Amino acid sequence: MAELIKLPRLLYKYRGFSHRLLDMLVADELYYSDPGDFNDPLDCRPTLDANIPNDQLEQVLSRLREQRILDEMQAAAKSLKYRGPKTIDHIARHSQKDAARLLEEIRYHATDPSYEIDDPLQSLLRQYLEEELLRRYDRGIVSFGVRATCPLMWSHYGDQHNGICAGYSVPAGAEADLHKIRYGGSRKVLASDVAVMEIDSAARGRVDEAVLLRKAASWRYEREWRLIGRRGAQDSPLELEEVVFGIRCKSTVKFTIVQALANRGRPVRFFEMREVSGTFHLRKYALDTDELGASLPRRSRSIFEAFEVLDK
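Quick note, in my numbering, the sequence shown goes up one by one and the last residue is 335.
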């Protein structure tokens with residue numbers, strides 16, 4: 024983490040009941056989502072402030088484009104086991120030509136007389152730079168809150184209080200990939216920072232924050248932290264400590280999860296949410312697992328068989 028920010032004691036992941044929830048709890052996996060799938064279309068969508076001349080914008084765009092094509096073709100060649108010097112040379116030449124061709128197309132389109140802006144070339148360069156910048160961020164994100172008692176979080180992410188939230192502690196070493204969201208401010212990224220972010224760690228930090236760690240002020244209630252890693256389902260680097268059931272969560276769901284985690288190598292605590300009478304607040308109470316197990320699992324025909332004994 025770039026700054027020394029105090030980590031919460033626990034981070035909470037809200038979910039409705041689904042196969043992904045079972046993977047999260049039983050297989051101890053976390054799903055790192057593509058930021059493009061987030062519910063806020065402005066999230067992870069920075070805008071570029073073109074604060075450097077057009078010729079420098081062209082250089083930055085050419086470098087980003089060439090590097091991306093180079094990386095993609097090298098990955099493809101590796102999967103096909105093409106590793107000879109001719110392959111390497113071909114990939115390098117192709118990536119350079121692709122970047123040069125893109126710049127030629129942009130310059131040509133910038134001469135379109137229908138543009139009603141002062142600097143069409145700058146506008147097009149900014150647009151393509153934003154796209155290339157986002158393509159570089161191929162990491163996934165797991166979002167967490169810091170409270171188990173937030174009604175809005177339960178409504179938005181906990182299946183309208185029918186789901187659960189899982190509480191995780193942060194083991195030593197895992198904090199490096201955890202980042203606190205900043206709310207409000209600007210979505211702008213300085214082109215001058217993008218130009219030097221490969222050699223200037225401070226500039227890279229500013230770009231990373233603008234792309235991955237800023238949200239609109241309206242989302243402030245979430246108090247979000249983000250775990251950043253490879254996209255898709257991955258082994259959790261965090262330690263599952265507790266499972267909290269929503270106030271509408273069915274007893275069958277509670278029983279299923281309690282039983283699924285009964286033989287886990289490290290025990291998990293179970294809680295349920297209850298409303299605080301006369302208020303709009305929620306409070307967390309320990310779940311009575313013995314009482315839950317006294318009535319479940321249930322067999323519907325047992326009661327009929329009990330009466331059959333009386334008839335004999």
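Note that beta-carbon positions come from the ideal geometry of N, C-alpha and C, so glycine has one too.
Because the structure is a prediction, the values reported are computed rather than measured.
Among the options, which one has its Cα closest to the Cα of residue i?
i, options, result
"F278", "T312, E247, A50", "T312"
"Y180", "F40, D200, L263, H117", "F40"
"R158", "S259, E89, R243, I270", "E89"
"A317", "D216, V217, S274", "S274"
"R297", "G269, S146, G228, S166", "G269"
"R289", "D66, G107, L261, R162", "L261"
"Q82", "H202, Q119, W248", "Q119"
"P69", "R237, A100, S224", "R237"
"F303", "D60, V49, H117, T172", "T172"
"H42", "D60, G186, R86", "G186"
"V234", "C67, M47, D63", "C67"
"L305", "R322, V267, L147, E314", "V267"
"V281", "V299, S300, E314", "E314"
"P320", "V276, E295, N286", "V276"
"F293", "C272, D161, G301, S300", "C272"
"A99", "I114, Y206, R86", "I114"
"R353", "L48, S178, I28, K109", "With the chain covering only 24 through 335, there is no way to say anything about residue 353."
"E247", "L201, G196, D60, V230", "L201"
"R205", "Y244, E198, P194", "Y244"
"R216", "L125, V230, R106, P76", "Looking at the sequence shown, residue 216 is not Arg but Asp. Checked all of L125, V230, R106, P76; the closest Cα to D216 is V230."
"S166", "E127, G208, W242", "W242"
"L93", "K104, R116, G107, D78", "R116"
Leaving out the 5 sequence neighbours to the left and right, which residues in its chain are closer than 6 Å to residue i when beta-carbon positions are compared?
i, result
"Y37", "M176, Y180, G181, C188"
"P31", "V169"
"D227", "Strictly speaking, residue 227 in this sequence is Arg, with Asp absent from that position. So the qualifying residues of the chain are M220."
"L284", "V291"
For the putative contact between residue i and residue j, defined by C-beta atoms under 8 Å, what is the C-beta separation to the nearest angstrom?
i, j, result
"L71", "L152", "5 Å"
"L17", "Q183", "A query on residue 17 cannot be resolved here, the shown segment of the chain reaching from 24 to 335 and no further."
"I164", "R249", "5 Å"
"A73", "L148", "7 Å"
"L84", "E155", "6 Å"
"R162", "I28", "20 Å between Cβ atoms; not a contact."
Give every residue of the same chain whose Cβ lies closer than 7 Å to the Cβ of residue i, excluding the five residues on either side of it in the sequence, and list them in chain order.
i, result
"L33", "G190, Y191, S192, E264"
"A50", "none"
"D46", "E52, A256"
"K307", "A171, T172, V267, F294, M296"
Here's a check: name, in chain order, each residue in its chain whose Cβ is nearer than 8 Å to the Cβ of residue i, leaving out the five neighbours to either side.
i, result
"K109", "none"
- Query: Counting Cβ pairs, one atom from each stretch, are 3 or more of them under 8 Å apart for the stretch 40-55 and the stretch 249-258?
  - Reply: yes
- If you pair each beta-carbon of the stretch 212-227 with each one of the stretch 127-145, do three or more pairs fall below 8 Å? no
- In chain order, which alpha helix (DSSP H) runs of at least 4 residues are fully inside the stretch 227-306? 274-283
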